[in-house]
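Comments concern the structure below.
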Amino acid sequence: MLPPDLPAPLALLIVSCVVTLIVALRYVLSSGLFAFITARVRPGLYAGRGQQIMREVRWSMLSAAIYGTPAGIVLWGWQHHGWTMITADFAVLPWWYHPLSVLIYLAVQDTCFYWAHRWMHQPRWFRIAHAVHHQSRPPTAWTAMSFHPIEALTGAVVVPLLVFFVPINIAMLGLVLTVATVMGVTNHMGWEMFPRWVVHSPLGKWLITASHHERHHEEYGCNFGLYFRIWDRLCGTDKGLSQRIVAAAGHGRAAAV
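In my numbering, the protein residues as written are 10 to 266.
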């Protein structure tokens, strides 16, 4: 807790720096964990990609600052001025609303990401910004936050804005951020961690996993979603799963799924 008489600009700077360090640490720990798992279950998958991974880490550290700054401002405003609709007491909101709030946040994130992602694939913006992310071909567990600052900003503001409009408990917000972190890393790590029965289940056909997102990195003009395949299916941009990952996992048919 910061001293109450601390000037607002200094308080904002301190909180934003602390949150930036937390975001950077979260990235290193989550990407590092799944990179370690990859080395155990897919030995040699990242062989020869040392320079690529170092580049991904550098861009990701810059992205951490861009994600950490608006998050830090919101955290400071919530704690010191009561800004936002974040609650700390579970009893403030009905029990059934807690899982619903998680779904709302994920759905809004997914929608914003899909359309921002398609915008980033316009030739001009691809050259300016999104090409940084697609330098990782194929991606690795370290690719998830490897963004140009412009692209990082489009993702960094969604949740900080949403907390002003949609009530959510702080624990549920933590769950949203955990899902975002885990799915961001695992969807880029180059192999499918989910078993065949999940990927090819009725539910799995609406969820984005590594098999689906890898195809975006292979072909660029398809599979733009973040968590769900709903927008891709509605807009005709869903091209199924990566044949390389599906074959490596022994999942059978790829493109038709």
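Even for Gly, the Cβ is constructed at its ideal location relative to N, Cα and C.
Going by DSSP, D241 is part of the alpha helix (DSSP H) stretching over 239-243.
Residue nearest to P176 within the set S72, Y106, P79 is Y106 (criterion: CA-CA distance). Judged by beta-carbon spacing, S39 lies beyond the 9 Å limit of A180, meaning their Cβ atoms are not closer than that value. Bounds of any alpha helix (DSSP H) do not take in W215, whose DSSP letter is neither H nor E.
The C-beta separation of A165 from P79 comes to about 6 Å, placing the pair in contact by the 8 Å criterion.
Rounded to the nearest whole angstrom, the C-alpha separation of A256 and A140 is 27 Å. Going by C-alpha positions, L216 is about 6 Å away from Y236. Within the same chain, A20 come within 6 Å of L11 by CB-CB distance, once the 5 residues on both sides are set aside.
Between V24 and I95, the C-beta gap is not smaller than 9 Å, which leaves the two residues out of contact. Secondary structure of T93 (DSSP, three-state): coil.
Counting the other Cβ atoms within 10 Å of the Cβ of D241 gives 16 or more, which makes it buried.
Inter-residue distance for Y55 and H142 is about 17 Å (C-alpha atoms, whole angstroms). Nearest to W85 by alpha-carbon distance, out of P158, L102, L15, T163, is L15. Taken in chain order, no unbroken stretch of beta strand (DSSP E) lies wholly in the segment 97-185 with a span of 3 residues or more.
Between the alpha carbons of K214 and H90 lies a distance of about 43 Å. Taking 9 Å as the cut-off, the beta carbon of E160 is found closer than this to the beta carbon of A138.
With fewer than 16 other CB atoms across the displayed protein chains lying within 10 angstroms of its CB, Q60 is exposed.
The beta carbon of A100 sits closer than 6 Å to no other beta carbon from its chain once the five residues preceding and following it are set aside. Excluding its 5 nearest sequence neighbours in each direction, Y36 has C-beta neighbours in its own chain below 7 Å: S69, A73, M154, listed in chain order.
Spanning the alpha carbons of R133 and F156 requires a straight line of approximately 16 Å. DSSP, read as helix, strand or coil, puts M70 in helix. Under the 10 Å beta carbon count, T187 is surrounded by fewer than 16 other beta carbons and is classified as exposed.
In this structure, P147 and G230 do not form a Cβ contact; the two beta carbons are roughly 17 Å apart against a cut-off of 8 Å. When the Cα atoms are used, H222 and F135 turn out to be separated by approximately 18 Å. In chain order, Q61, E65, T152, S155 place their CB closer than 7 Å to the CB of S145, counting only its own chain and leaving out the 5 sequence neighbours on each side. The C-alpha of V27 is placed about 19 Å away from the C-alpha of W92.
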